[in-house]
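Report on the following structure.
Residue numbers (this note's numbering), protein chains in the order written: chain C, 4 to 606; chain H, 36 to 429.
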């Protein structure tokens with residue numbers, strides 16, 4: 004624990020820092036060479052301009068868009084844009100029906116989809132399936148028993164308690180995913196009776212006037228529905244353009260690939276009941292990770308109850324009525340069959356996702372569906388809202404400011420000031436590297452507020468050193484040798500620096516997690532600079548100071564070292580009446596306590 | 036200058052020189068109260084000049100066939116906005132469409148602006164379209180930010196309570212924070228600067244800075260008061276005042292270093308750019324940081340003393356400290372008298388020496404005394420003369 008130890012520890016810290024910087028440089032270089040990263044930070048909308056997309060709601064004739072719907076859509080779009088990184092996009096409403104999204108980049112098709120897609124997810128029971136081609140016809144399986152069980156189960160929830168407890172962990176994957184589209188596409192039973200005749204078994208019973216009793220009731224298949232179903236040609240891409248999706252009515256639709264068509268019952272569980280959605284590889288019953296990409300959904304309390312109820316009811320039904328279709332924007336993504344009732348409100352969707360598309364869809368599901376569907380009206384470049392001179396002068400001002408800080412530090416701390424200055428430069432280097440890398444990986448963009456924030460961060464960073472140096476000086480005043488003072492001062496300063504930076508980091512975390520738009524960008528910058536501050540103080544400033552204490556220049560307290568005990572303890576120009584010489588080797592003179600009353604106002 | 040500064044710091048550290056922050060706290064309270072009242076008055080009468088991003092506004096698009104180079108100036112003149120006026124934004128959309136955003140205009144005004152713009156660009160009026168745009172920083176963004184802020188403040192209060200083991204420190208810190216924010220916002224109200232999202236970020240930066248500064252000062256207060264509770268030599272108020280004085284040099288240095296870059300931005304902004312986002316931000320940060328530094332020294336710590344003055348432990352410490360100081364004063368007086376007699380009353384310095392102990396105010400007894408805490412662990416009586424024993428070289 005003697006003098007040798009801090010020295011080696013200090014060297015190790017410096018090497019560690021060097022390693023971090025080299026890793027960052029390597030990462031950036033790799034990203035530049037192998038990917039599309041830039042060697043400078045990306046700039047935000049106000050400094051660089053970007054793309055402006057005007058979205059227009061897709062409405063049928065006579066349908067009006069309320070201000071409330073528009074605002075809701077805007078809020079959801081903001082969340083979706085935020086999920087894509089810290090880009091600082093701007094979303095406004097225009098007039099009384101359009102939404103304007105300004106993004107500081109040229110958005111890819113995926114980004115555009117993510118912004119404008121409604122992403123209405125619904126769970127609807129399958130009533131009938133057929134191949135997507137027009138000649139096929141609905142083929143509800145024998146209905147006699149099915150309808151009976153279906154309605155019977157629908158009337159009462161057998162075990163409400165069990166369904167109310169979604170906490171029970173069902174380790175097994177809830178849905179049988181093996182039955183994914185391939186199985187569904189299985190052609191309709193060969194003896195395909197004439198279209199009109201096929202639904203007759205189901206239609207016969209309710210035709211007597213009985214209203215359908217539950218979403219699984221085949222009574223939903225009215226002659227109208229059958230006609231629509233027969234007419235539907237899924238190979239025609241425009242076939243579903245004018246689809247009317249009423250959650251309380253049955254839906255005739257295709258699956259996403261257009262290879263199968265369905266008659267679906269009314270919505271059993273709506274997408275609004277999704278409380279969380281995550282994506283990833285699916286785990287099978289044995290707990291092994293498969294290469295099937297799934298989106299795992301967590302339903303809220305009401306959704307879990309509904310889901311439990313419908314699954315319990317449907318397990319008993321024959322094919323294909325034991326299938327629950329998940330539709331996204333009215334198209335079926337997947338319609339797995341139930342092997343068991345699912346009571347814990349956890350559903351899983353698979354169906355030919357890639358990891359990326361699953362993540363994007365999970366984000367959309369999480370933030371909720373847009374109340375309207377939108378189409379892109381225009382998409383056009385916009386110029387920066389702030390002139391380029393703002394940034395240029397901002398940077399010039401930053402440099403001047405830095406220079407002033409250097410001068411002040413040198414005046415205040417003499418040679419020690421160089422430690423401050425190099426620390427700030429190291430912090431600046433790391434900041435530059437990190438924001439450039441984050442620009443590439445998280446689409447982090449600097450806007451004017453961010454630039455100003457970074458300039459202000461010079462103050463934060465410098466403060467850690469000041470706290471530290473002042474503590475070291477305090478310890479020197481108490482009469483310690485320099486090496487001891489640095490250690491003791493560090494131990495005290497460390498606490499202060501940690502708690503003060505901790506508060507800032509907490510601010511960054513909370514604001515980043517809960518706020519949106521530019522506040523989120525601010526939180527990101529704040530958290531970043533705080534972490535870098537800690538990194539630099541712990542791995543640079545303190546080690547450097549520890550090493551410097553070995554140098555005679557500092558150890559012996561050279562007048563220009565900034566750690567001159569005489570300077571800290573004594574005023575050589577005899578200006579004050581009293582003085583205490585605490586640290587000089589010779590015993591101090593007897594002090595002459597000054598009158599306190601007279602000095603009250605001095606400052 | 037810096038030379039004296041180190042000495043100044045030294046004197047503050049030893050307590051030889053003391054700025055009576057805590058004893059004079061009523062004055063600082065009063066000053067802050069006046070400032071807050073002025074700020075609130077400004078908010079009430081002037082209100083905040085919220086930007087387009089908060090309120091929405093009118094937008095005009097001028098589709099030019101050939102874009103004039105000085106389109107921005109033409110547009111501004113046409114709209115009747117002076118150079119740099121923040122209420123109006125001129126942006127180029129695509130290659131040759133000029134977008135002009137203004138505050139929300141009435142239909143009649145809107146029509147007038149359209150005509151003006153068309154005339155200025157020499158185009159038929161049909162090439163100028165006008166719509167209303169909604170706020171990009173809508174109520175929901177504000178609500179979200181506000182909720183985040185409240186949760187953050189609660190978390191900070193919890194963190195500070197746990198770290199300092201005292202909720203009153205958290206309370207004092209948060210009051211100081213509110214003080215800073217209200218005054219900073221008040222400045223916006225009085226100057227009529229436009230509040231943009233960038234400004235909100237400025238407010239948040241001030242908030243972070245103020246908290247940071249307060250925590251640094253409080254950490255020293257905690258250290259000193261814990262020591263005082265242990266040895267009973269200083270009252271709580273005295274220990275807190277000493278802490279403020281001891282961190283004074285740090286606070287000044289930090290504030291200066293924090294302000295230097297902002298001052299540079301302010302100067303460059305004012306000279307080369309004129310009014311704009313940069314200048315606005317720099318100004319709010321300048322004022323905010325200055326007030327943050329002020330409040331952490333002159334408001335937060337005194338508030339803590341005020342809040343804790345009725346605590347049983349603090350009251351008890353006061354009694355102990357009074358006893359200890361009275362005892363010491365007697366020693367000093369006796370020693371002084373002895374020395375004065377020995378030196379045949381030649382030096383004027385000795386005259387004031389008895390006074391600090393006699394004075395009961397916290398600042399007075401601090402003189403020179405705090406230094407001795409290391410030097411005199413055992414001897415209590417006036418055994419021998421060296422009152423200020425050489426500092427043990429620990």
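Built from N, CA and C at the ideal position, the CB exists for glycine as well. These numbers were taken from a predicted model, which means no experiment stands behind them.
Residue-chain proximity (residue i, chain C), Cβ-Cβ < 8 Å
i: residue 277 of chain H; result: no
i: residue 372 of chain H; result: no
i: residue 427 of chain H; result: yes
i: residue 156 of chain H; result: no
i: residue 163 of chain H; result: no
i: residue 175 of chain H; result: yes
i: residue 198 of chain H; result: yes
i: residue 109 of chain H; result: no
i: residue 117 of chain H; result: Low confidence applies to residue 117 of chain H: its pLDDT is 47, below 50, so where it sits in the model is not reliable enough to give any reading.
i: residue 240 of chain H; result: yes
i: residue 247 of chain H; result: yes
i: residue 271 of chain H; result: no
i: residue 127 of chain H; result: yes
i: residue 320 of chain H; result: yes
i: residue 441 of chain H; result: As shown, chain H starts at 36 and ends at 429. That puts residue 441 of chain H outside it, with no answer to give.
Residue-chain proximity (residue i, chain H), Cβ-Cβ < 8 Å
i: residue 366 of chain C; result: no
i: residue 469 of chain C; result: yes
i: residue 72 of chain C; result: no
i: residue 456 of chain C; result: yes
i: residue 503 of chain C; result: yes
i: residue 78 of chain C; result: yes
i: residue 426 of chain C; result: no
i: residue 564 of chain C; result: no
DSSP three-state assignment for residue i, whether helix, strand or coil
i: residue 143 of chain C; result: Low confidence applies here, because residue 143 of chain C scores a pLDDT of 44, under 50, leaving its location unreliable; read the following figure in that light. In this structure, residue 143 of chain C counts as coil in the three-state DSSP scheme.
i: residue 1 of chain C; result: The question about residue 1 of chain C has no answer, for chain C in this structure spans 4 to 606.
i: residue 343 of chain C; result: coil
i: residue 139 of chain H; result: coil
i: residue 208 of chain H; result: helix
i: residue 124 of chain H; result: strand
i: residue 60 of chain C; result: strand
i: residue 81 of chain H; result: coil
i: residue 376 of chain C; result: strand
i: residue 182 of chain H; result: helix
Interface partners of residue i on chain H, CB under 8 Å
i: residue 473 of chain C; result: 44, 282, 284, 285 and 288
i: residue 1 of chain C; result: What is shown of chain C runs 4 to 606, which leaves residue 1 of chain C out entirely.
i: residue 396 of chain C; result: 303, 304, 307, 308 and 313
Whole-number beta carbon distance between residue j and residue i, since they are thought to touch under 8 Å
i: residue 339 of chain H; j: residue 279 of chain H; result: Going by Cβ atoms, the distance from residue 339 of chain H to residue 279 of chain H rounds to 10 Å, so no, they are not a contact pair.
i: residue 149 of chain H; j: residue 163 of chain H; result: 5 Å
i: residue 98 of chain C; j: residue 166 of chain H; result: 4 Å
i: residue 608 of chain C; j: residue 450 of chain C; result: Since the first residue of chain C shown is 4 and the last is 606, residue 608 of chain C is not available in this structure.
i: residue 53 of chain C; j: residue 383 of chain C; result: No, residue 53 of chain C and residue 383 of chain C are not in contact; Cβ-Cβ is about 10 Å, not under 8 Å.
i: residue 272 of chain C; j: residue 309 of chain C; result: 5 Å
i: residue 212 of chain H; j: residue 239 of chain H; result: With 8 Å as the limit, residue 212 of chain H and residue 239 of chain H do not qualify as a contact, their Cβ atoms being about 12 Å apart.
Neighbouring residues, chain H, relative to residue i (Cβ below 7 Å)
i: residue 518 of chain C; result: 179, 180 and 183
i: residue 411 of chain C; result: 291, 292 and 295
Per-residue contacts from residue i into chain H (C-beta, under 9 Å)
i: residue 486 of chain C; result: The contacting residues do not exist; residue 486 of chain C stays about 13 Å from chain H at best.
Contact list for residue i against chain C, beta-carbon separation under 9 Å
i: residue 141 of chain H; result: The premise fails here: residue 141 of chain H is roughly 16 Å from chain C at the closest Cβ pair, so nothing lies under 9 Å.
i: residue 68 of chain H; result: Ordered by position in chain C, no residue passes the 9 Å Cβ test against residue 68 of chain H, which lies about 21 Å from the chain.
Residues that residue i contacts on chain C, provided the C-beta gap is smaller than 7 Å
i: residue 233 of chain H; result: 451 and 452
i: residue 190 of chain H; result: 509 and 513
i: residue 243 of chain H; result: 507, 510 and 529
Closer than 8 Å at the beta carbon, the chain C residues around residue i
i: residue 300 of chain H; result: 397, 400, 401, 404, 455 and 458
i: residue 169 of chain H; result: 73, 74, 77, 95, 96 and 97
i: residue 86 of chain H; result: Ordered by position in chain C, no residue passes the 8 Å Cβ test against residue 86 of chain H, which lies about 11 Å from the chain.
i: residue 83 of chain H; result: By Cβ distance, chain C contributes nothing, its closest Cβ being about 17 Å from residue 83 of chain H, past 8 Å.
Q.
To test your reading of the DSSP string, which unbroken alpha helix (DSSP H) runs of 4 or more residues are found completely within the region 295 to 334 of chain H?
A. Runs of the alpha helix (DSSP H) inside the region 295 to 334 of chain H: 312 to 330.
Q.
So within the region 73 to 128 of chain C, which uninterrupted alpha helix (DSSP H) runs reach at least 4 residues, ignoring any that extend past its ends?
A. 112 to 119, all fully within the region 73 to 128 of chain C.
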